[in-house]
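Number of protein chains: 2
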Amino acid sequence: MRENKSERIRIKDIAIKAGVSVGTVDRVIHGRSGVSESSKKKVEEILKQMNYQPNMYASALASNKKYNLACLLPIHTQEDYWIDIEAGMEHAVSTYKDFNIRLNIMYYDQYESGAFAEAGKKMLESNPDGVIMAPSSEDETKSTTLQLQERNIPFIFIDSNIRSLNPLSFYGQSSHSSGYFAARILSLMAEHNEPVVIFRLIYGGRLGSNQQRNREEGFREYIKNNCPGIKLYELDFYVKNPENNERIMEEFFAKHPEINCGITFNSKAYIIGEYMQKINRKGFKLMGYDLLRRNVKCLKAGTIDFIIAQQPTEQGQSCIECLFEHLILKKEVKPYNYMPITLISRENIDFYLDAHVRTNNI
Amino acid sequence: MRENKSERIRIKDIAIKAGVSVGTVDRVIHGRSGVSESSKKKVEEILKQMNYQPNMYASALASNKKYNLACLLPIHTQEDYWIDIEAGMEHAVSTYKDFNIRLNIMYYDQYESGAFAEAGKKMLESNPDGVIMAPSSEDETKSTTLQLQERNIPFIFIDSNIRSLNPLSFYGQSSHSSGYFAARILSLMAEHNEPVVIFRLIYGGRLGSNQQRNREEGFREYIKNNCPGIKLYELDFYVKNPENNERIMEEFFAKHPEINCGITFNSKAYIIGEYMQKINRKGFKLMGYDLLRRNVKCLKAGTIDFIIAQQPTEQGQSCIECLFEHLILKKEVKPYNYMPITLISRENIDFYLDAHVRTNNI
DNA sequence: AATCAATTCGTGTGCGCACACAAAGGTACA
DNA sequence: TGTACCTTTGTGTGCGCACACGAATTGATT
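So the protein sequences, as listed, match chains G and X.
In terms of my numbering, the first sequence is numbered consecutively and its last residue is 405.
In terms of my numbering, the second sequence is numbered consecutively and its last residue is 405.
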């Protein structure tokens with residue numbers, strides 16, 4: 044009597060106990076019509092009583108449904124952060140391959156107004172079952188999310204969040220908190236309240252990203268509260284004129300030879316690190332963000348002291364998992380998922396590369 | 044023609060292409076006997092050519108196999124680290140519930156010689172398909188792992204590793220590296236090369252764990268290489284006489300009022316943190332290990348500055364996933380899995396609690 | 001040529017579920 | 001009472017796979 048093995052409860056078990064057929068139970072479970080009130084009540088009661096948990100694998104096997112996921116990211120060429128996010132998503136998709144999940148990644152130009160909405164339109168035409176996107180500004184993003192909501196298509200924000208647009212979930216890092224934390228570490232490095240320079244990336248007269256701004260805000264808040272004696276300078280680079288970077292640094296450090304400590308709130312700390320190596324200046328204390336290959340190289344060379352990582356691979360993976368759980372397992376998902384704020388130096392970097400896993404001998 | 048949909052390849056597809064029946068393909072895939080050399084070659088060829096990937100969910104559904112996993116841990120009462128490991132394992136088991144995986148956790152007294160082997164014997168009697176264990180000393184552990192190897196039962200080490208016993212895989216943290224990293228951070232806090240005290244836990248005249256010893260070694264190595272000017276003191280507590288802890292600290296700090304910086308390489312930093320709070324001494328710089336509730340409380344209160352975490356929940360989860368992939372998916376698994384060495388302060392602690400996920404408003 | 005055993009292979013059934021279809025029951029009206 | 005129609009319910013089939021069983025083929029032996 045395999046019925047008695049105290050194993051998992053099947054639809055059949057429910058049907059027997061309720062005195063109906065499996066078809067009726069199936070109809071109740073899926074909320075389909077054609078069930079009398081009395082049968083419905085009885086089945087629902089027994090479902091709850093026996094705490095029925097469907098075998099999602101058998102279910103997926105039988106239904107043979109296909110899921111199309113769409114993803115909308117800013118155009119990136121060679122940017123490790125987004126590459127890692129994509130890799131994480133692809134990896135998760137491949138682990139769910141038997142559920143017939145397909146992922147279609149599309150891009151928009153984050154610096155061109157209207158580009159997001161246009162890409163969003165194309166994305167909608169692909170008729171996705173779920174969407175992941177790195178939002179643009181609220182105004183740019185809104186038209187797309189409204190259409191998604193109309194069509195009842197769940198969407199997730201990655202990287203940065205716009206609460207008012209009500210995504211199913213958010214995956215990313217709290218920029219403000221990470222800046223706050225960075226300040227704690229930097230203030231330890233800045234002995235005797237020595238001055239600190241903030242290196243910034245400017246695009247079109249403004250900071251290149253919201254993240255950059257939020258991190259700087261968090262940073263300044265910590266400094267103001269805990270070590271107001273530290274004087275903060277700013278040094279701006281221009282995205283459109285990278286050829287000027289070296290000259291900008293030259294001029295700045297000629298004017299401020301006393302400054303020996305700096306931080307970037309974008310991912311391009313290697314600009315400074317590589318410069319320091321080039322002019323052979325040692326001991327400049329530098330912090331930055333993201334494990335770009337060039338940043339890691341500087342970290343190992345000693346020209347960057349600390350990096351704060353966002354774990355992009357995990358972010359990408361988690362987004363797919365989230366849609367999987369929502370669409371297929373029909374589980375509740377958490378609305379906010381803030382990645383840990385991890386501090387990385389040359390002493391622990393090895394344990395963060397290769398997705399937290401090492402295969403060689405330590 | 045659903046055959047042409049460029050979908051996943053099924054056994055049936057292989058059978059048609061090889062001009063045999065699904066039964067024969069099945070026999071080849073599972074290496075069962077009763078297949079002629081010619082058929083075998085043909086099928087194997089086409090399997091490779093079409094890159095056949097079985098649908099593991101359908102496979103599990105059809106085979107209806109049960110898997111018993113066993114786990115052997117040191118006895119712990121109220122120790123958050125082990126509790127979190129168990130929680131991680133249970134969580135992973137529940138996500139694989141449809142694969143008929145059961146987990147049986149058993150315990151041994153890590154301080155009693157012979158206890159591990161005895162518990163190992165009991166564990167073997169439960170006839171497990173896979174094993175996870177926190178090893179004791181090499182000698183104590185060896186008899187059990189030898190029997191496992193004889194019976195071809197895969198086993199994973201968690202927390203600490205004994206390479207010579209050849210586990211299928213290892214999950215844990217590199218103790219030495221984490222001590223090395225801790226030293227980098229502590230040396231930033233110890234201004235002007237001020238002295239540092241190492242708080243230690245002694246059991247039966249020796250350090251209470253290998254981890255503690257390895258971390259301290261890594262720590263001392265960094266200090267020696269990078270800031271030999273820092274003088275290191277030791278202060279020993281005795282596991283068996285916790286009532287003496289306060290007196291021990293009193294005497295020590297009476298003798299060394301100049302010491303304002305300390306570190307523990309065990310998980311009990313709260314002993315010092317709570318003492319500092321009790322005597323209302325502020326500004327003592329303290330580092331420790333593991334996110335025990337009492338440690339977190341001290342962290343938030345400001346009596347512990349930094350904690351290095353081992354992510355026990357993830358460790359537990361990963362162990363189960365590893366056995367799952369090995370036993371059921373028959374994938375290759377990585378032999379060494381070192382968890383990231385994460386630095387935690389009151390500024391980023393919120394993003395590490397609750398398994399990296401927050402649901403409230405930040 | 002007949003018998004038997006061993007080898008090699010194909011078919012059928014079921015895993016738990018989704019869904020199409022058919023059957024049964026009920027109601028209204030002629 | 002019969003017919004048409006709607007509501008409610010049960011049954012059958014297939015998803016991709018594992019495995020038991022039995023059929024076909026071959027070779028050896030009498």
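C-beta atoms are modelled at their ideal positions from N, C-alpha and C, and glycine is treated no differently.
Through-space distance from residue j to residue i, alpha-carbon basis
i	j	result
A130 (chain X)	Q354 (chain X)	12 angstroms
E122 (chain G)	K164 (chain X)	53 angstroms
Y313 (chain G)	I351 (chain G)	13 angstroms
E293 (chain X)	I306 (chain X)	17 angstroms
N338 (chain G)	L244 (chain G)	16 angstroms
K325 (chain G)	I199 (chain X)	45 angstroms
R53 (chain G)	T138 (chain X)	17 angstroms
M330 (chain X)	S179 (chain G)	41 angstroms
N143 (chain X)	A113 (chain X)	14 angstroms
N380 (chain X)	R194 (chain X)	25 angstroms
S218 (chain G)	A226 (chain X)	27 angstroms
Y150 (chain X)	E161 (chain X)	10 angstroms
P171 (chain X)	D182 (chain X)	22 angstroms
E368 (chain G)	E286 (chain G)	47 angstroms
S220 (chain G)	E260 (chain G)	9 angstroms
N323 (chain X)	P97 (chain G)	56 angstroms
A58 (chain X)	I175 (chain G)	39 angstroms
C304 (chain X)	R290 (chain X)	19 angstroms
I371 (chain X)	K60 (chain G)	33 angstroms
E155 (chain G)	I128 (chain G)	22 angstroms
F280 (chain G)	T120 (chain G)	20 angstroms
I384 (chain X)	K283 (chain X)	30 angstroms
V240 (chain G)	A233 (chain G)	11 angstroms
Partners in chain G for residue i, counting only beta-carbon separations shorter than 7 angstroms
i	result
N111 (chain X)	The contacting residues do not exist; N111 (chain X) stays about 14 angstroms from chain G at best.
R258 (chain X)	By Cβ distance, chain G contributes nothing, its closest Cβ being about 13 angstroms from R258 (chain X), past 7 angstroms.
Own chain, CB closer than 8 angstroms to residue i, minus 5 neighbours either side, in chain order
i	result
M382 (chain G)	Y214, G215, Q216, Q353, Q354, E357 and Q358
N209 (chain X)	T188 and Q192
S230 (chain G)	Y265, I266, N269, C270 and I273
E301 (chain X)	E237 and P238
V71 (chain X)	V78, S82, K83, V86, E87 and L90
M44 (chain X)	Low confidence applies to M44 (chain X): its pLDDT is 32, below 50, so where it sits in the model is not reliable enough to give any reading.
Y223 (chain G)	G261, F262, E264 and Y265
R145 (chain X)	K109, Y110, N111, L112 and V136
I205 (chain X)	P178, E181 and T184
9 angstroms Cβ cut-off: residues of chain X touching residue i
i	result
N323 (chain G)	Result: empty, since nearest Cβ-Cβ is about 21 angstroms, beyond 9 angstroms.
S220 (chain G)	E390, N391, D393, F394 and I405
Contact set between residue i and chain X, taken where Cβ atoms lie within less than 7 angstroms
i	result
D141 (chain G)	N98, M99 and Y100
I384 (chain G)	N391 and F394
L231 (chain G)	L231 and M232
Contacts around residue i, its chain only, beta-carbon distance under 7 angstroms, and the 5 residues preceding and following it disregarded
i	result
L386 (chain X)	I228, F349 and I351
Q320 (chain G)	A344 and T346
H134 (chain X)	Q360
Y318 (chain G)	E289 and M292
Spatial neighbours of residue i in its chain, beta-carbon cut-off 6 angstroms, leaving aside the 5 residues before and after
i	result
K343 (chain X)	R389
T402 (chain X)	Summary for T402 (chain X): the model assigns pLDDT 31, below 50, so the residue's position carries little reliability, and this model does not support an answer.
D152 (chain X)	I118 and A158
D56 (chain G)	none
L334 (chain X)	A352
Amino acids of chain X, ordered along the chain, whose beta-carbon sits closer than 8 angstroms to that of residue i
i	result
A103 (chain G)	Y100
S388 (chain G)	F224 and R227
Next on the checklist: Quick check on the DSSP output: what are the complete alpha helix (DSSP H) runs of length 4 or more inside the region 251 to 295 of chain X, in order along the chain?
Outcome noted: 253 to 269
Next on the checklist: Please give me, in chain order, every unbroken run of the beta strand (DSSP E) with length at least 3 that falls completely inside the region 200 to 230 of chain G.
Outcome noted: 212 to 215
Checklist entry - Whole alpha helix (DSSP H) runs in the region 354 to 398 of chain X with 4 or more residues, listed along the chain? => result 355 to 370
Checklist entry - Taking the runs of the beta strand (DSSP E) that are 3 residues or longer, which of them lie wholly in the region 116 to 169 of chain X? => result 144 to 151
Checklist entry - Where in the region 322 to 346 of chain X do unbroken runs of the alpha helix (DSSP H), each at least 4 residues long, occur, reported from the N-terminal end onward? => result 336 to 344
Checklist entry - Should the region 245 to 255 of chain X be called in touch with the region 59 to 70 of chain X, which here means at least 3 C-beta pairs below 8 angstroms? => result no
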